[in-house]
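**Student:** Remember, my numbering sits 260 above the position in the sequence shown when you count from 1. We treat Cβ as the ideally placed atom computed from N, Cα and C, and that holds for glycine. My questions will all concern the structure given below.
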Amino acid sequence: MKTTIADLLGLPTVQADGRKVEISKSLLEFCDWMEKTDRKLSDDEIRDLATMRFRGGQPKSLDDGDDLYRTLKRLKRTTKR
């Protein structure tokens, strides 16, 4: 069966390795906010954020998403040096 919970609930999804990945409501809000502030996320960034799993759960607010995104960007810059 190829129908996902996101399909049934009418939630947006992205493709990851040929699979649909559900985008949480908080991630969708974060993506919209980033686009409104001229920092649109790439499909790869959205997929990566949507598929990350955390012990404390997914980010639940716009601020949580922003904190996570900025932290990951900082870590990425640090590891490239």
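1) Please list, in chain order, all residues of the same chain as residue 289 whose beta carbon is under 8 Å from its beta carbon, the five residues on each side excluded.
2) If you count every other CB in all the chains shown that lies within 10 Å of the CB of residue 309, and 16 or more means buried, which is it?
3) Taking the C-alpha atoms as reference points, what is the distance between residue 287 and residue 307?
4) What does the Cβ neighbour count give for residue 261, buried or exposed, with the cut at 16 atoms within 10 Å?
5) Suppose only complete runs of 4+ residues qualify. What are the alpha helix (DSSP H) ranges in the region 268-329, listed by chain order?
6) Check each candidate in 300, 294, 320 and name the one with the smallest Cα separation from residue 284.
**Tutor:** On the basis of the supplied data:
1) 322, 325
2) buried
3) 10 Å
4) Summary for residue 261: the model assigns pLDDT 38, below 50, so the residue's position carries little reliability; its value from the coordinates is reported in the next sentence. Its Cβ having fewer than 16 others within 10 Å, residue 261 is exposed.
5) 285-296, 303-311
6) 320
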